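Student: Last residue of the sequence shown: 189 (the working numbering), numbering continuous.
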Amino acid sequence: MSIKSDQWIRRMAQEHGMIEPFESGQVRESAKGKLISYGTSSYGYDVRCADEFKIFTNINSTIVDPKNFDAKSFVDVKADVCIIPPNSFALARTVEYLRIPRNVLTICLGKSTYARCGIIVNVTPLEPEWEGHVTLEFSNTTPLPAKIYANEGVAQFIFLESDEVCATSYKDRNGKYQAQRGVTLPKA
Numbered sequence: 002m003s004i005k006s007d008q009w010i011r012r013m014a015q016e017h018g019m020i021e022p023f024e025s026g027q028v029r030e031s032a033k034g035k036l037i038s039y040g041t042s043s044y045g046y047d048v049r050c051a052d053e054f055k056i057f058t059n060i061n062s063t064i065v066d067p068k069n070f071d072a073k074s075f076v077d078v079k080a081d082v083c084i085i086p087p088n089s090f091a092l093a094r095t096v097e098y099l100r101i102p103r104n105v106l107t108i109c110l111g112k113s114t115y116a117r118c119g120i121i122v123n124v125t126p127l128e129p130e131w132e133g134h135v136t137l138e139f140s141n142t143t144p145l146p147a148k149i150y151a152n153e154g155v156a157q158f159i160f161l162e163s164d165e166v167c168a169t170s171y172k173d174r175n176g177k178y179q180a181q182r183g184v185t186l187p188k189a
C-alpha cells in the first residue's frame with residue numbers, strides 16, 4: 002500500500018472524476034481575502050465544507066441513538082459561517098463529490114488550523130468504491146463558541162492505493178451511505 006502524490010491525485014481527478022469540483026493547486030486567497038487553504042497538496046487533497054450545516058441542540062432532550070437518530074436534535078443553518086456552541090458539534094458536507102477507486106482507501110484528517118483552535122474534524126475512512134458528498138463532523142472542544150467557514154478548507158484526504166483490488170467494495174455491499182448528497186444523518 003502506498004500514499005499517493007499530488008501527480009496521482011491530479012491524474013485520477015482529471016481522468017476518472019475522483020474529485021468534483023477539483024482544484025489542481027492550493028487556493029489560499031479569494032477576492033474577499035485570505036482563506037483557509039483547499040485543493041491539491043503534496044500528498045493529499047484539502048476539501049471545503051459547503052454552506053449547509055446541522056448544529057446539534059439539546060433543546061428536545063432526546064437521547065443520541067445511532068440506531069434511532071432523532072433529526073430534531075439538529076437545527077439546520079445555511080450560511081457562510083457556522084457558529085458551533087461550546088462543547089457541542091455540527092455536521093456539514095464537503096463541496097466536493099468524491100468517487101473512490103476500487104483499489105484505494107481514503108482517510109479524512111482535520112486541518113491543523115482548526116485543530117489549534119480546539120475544533121476537531123472526526124477521522125473517517127472512505128472505503129473503496131464509495132462515492133458521494135462526505136458528511137463531516139466538527140466537535141467544538143472549547144468552552145467558547147467556535148466558527149467554521151463555508152467554502153474554505155476544513156479537512157485533508159489522504160489516498161492509500163493497494164497493490165491488490167479488494168474482494169468486496171463498499172458499492173458491492175450496497176453501503177447505506179453510497180452516493181449520498183447533502184448532509185446525511187446516521188442510518189441504522
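Ideal placement from N, C-alpha and C gives every residue a C-beta, glycine not left out.
Owing to the predicted nature of the structure, the values given are computational and were not obtained by experimental measurement.
How long is the line joining the alpha carbons of N59 and S140, rounded to whole angstroms?
Tutor: Taking the first residue of the sequence shown as position 1, residue 59 is located at position 58. Taking the first residue of the sequence shown as position 1, residue 140 is located at position 139. Taking the straight line from one Cα to the other gives about 15 angstroms.
Student: Count Cβ pairs between the segment 172-180 and the segment 43-52 that sit closer than 8 angstroms; are there 3 or more?
Tutor: Result no; under three Cβ-Cβ pairs closer than 8 angstroms.
Student: If you measure between the beta carbons of Y39 and G183, is that distance less than 7 angstroms?
Tutor: Residue numbering aside, residue 39 sits at position 38 when the sequence shown is read from its first letter. Residue numbering aside, residue 183 sits at position 182 when the sequence shown is read from its first letter. Result no, Cβ atoms of Y39 and G183 do not sit closer than 7 angstroms.
Student: Can you list, in chain order, the residues of its chain with a C-beta nearer than 6 angstroms to that of V76? Leave out the 5 residues immediately preceding and following it.
Tutor: Numbered from its first residue, the sequence shown carries residue 76 at position 75. Answer for V76: I56, T58, listed in chain order.
Student: Less than 7 angstroms separating the beta-carbons of V122 and A156?
Tutor: As a first step, residue 122 is located in the sequence shown; it is residue number 121 there, counting from the start. As a first step, residue 156 is located in the sequence shown; it is residue number 155 there, counting from the start. In contact: V122 and A156 (Cβ atoms closer than 7 angstroms).
Student: Under 7 angstroms, do T136 and T185 count as touching if we go by C-beta distance?
Tutor: As a working note, residue 136 is residue 135 in the sequence shown. As a working note, residue 185 is residue 184 in the sequence shown. Yes, these two residues count as a Cβ contact at 7 angstroms.
Student: What is the rounded straight-line gap between the Cα of F90 and the Cα of R117?
Tutor: Within the sequence shown, numbered from 1, the residue matching residue 90 stands at position 89. Within the sequence shown, numbered from 1, the residue matching residue 117 stands at position 116. Distance between the alpha carbons of F90 and R117: 16 angstroms.
Student: Taking only three categories from DSSP, how would you classify R94?
Tutor: Indexing the sequence shown from 1 puts residue 94 at position 93. The answer is strand: DSSP assigns R94 an E or B state.
Student: Can you tell which of Y150, A147, F160, I120 has its C-alpha closest to the C-alpha of A14?
Tutor: As a working note, residue 14 is residue 13 in the sequence shown. With distances taken between Cα atoms, A14 lies closest to F160.
Student: What are the residues that DSSP puts in a beta bridge with E24?
Tutor: Here residue 24 refers to the residue found at position 23 when the sequence shown is read from its first residue. According to DSSP, which records beta bridges pairwise, E24 is partnered with nothing at all.
Student: Which stretch, first to last residue, makes up the alpha helix (DSSP H) that contains K151?
Tutor: On the sequence shown, residue 151 is found 150 positions in, with the first residue counted as 1. One point to set straight first is that residue 151 is Ala, not Lys, in the sequence displayed. Per DSSP, A151 belongs to no alpha helix (DSSP H) and is neither H nor E.
Student: For the beta strand (DSSP E) containing T136, name the first residue and the last one.
Tutor: Within the sequence shown, residue 136 is the residue found at index 135, counting from 1. Start and end: 132-141.
Student: Using only alpha-carbon positions, find the residue among K5, E138, I20, K68 that is nearest to A220.
Tutor: In the structure as shown, the chain starts at 2 and stops at 189, and residue 220 therefore has no counterpart that could be examined.
Student: Taking only three categories from DSSP, how would you classify D7?
Tutor: Numbered from its first residue, the sequence shown carries residue 7 at position 6. Three-state result, D7: helix.
Student: How big is the Cα-Cα spacing for A168 and E128?
Tutor: Reading the sequence shown from its first residue, position 167 is the one you call residue 168. Reading the sequence shown from its first residue, position 127 is the one you call residue 128. The alpha-carbon atoms of A168 and E128 are separated by roughly 12 angstroms.
Student: Can you list, in chain order, the residues of its chain whose CB lies under 8 angstroms from that of D81, leaving out five sequence neighbours each side?
Tutor: Numbered from 1 along the sequence shown, position 80 holds the residue referred to as residue 81. D52, Y150, A151, N152.
Student: Between T114 and P146, what straight-line distance do the alpha-carbon atoms span, to the nearest angstrom?
Tutor: Taking the first residue of the sequence shown as 1, we reach residue 114 at position 113. Taking the first residue of the sequence shown as 1, we reach residue 146 at position 145. Whole-angstrom Cα-Cα distance: 16 angstroms.
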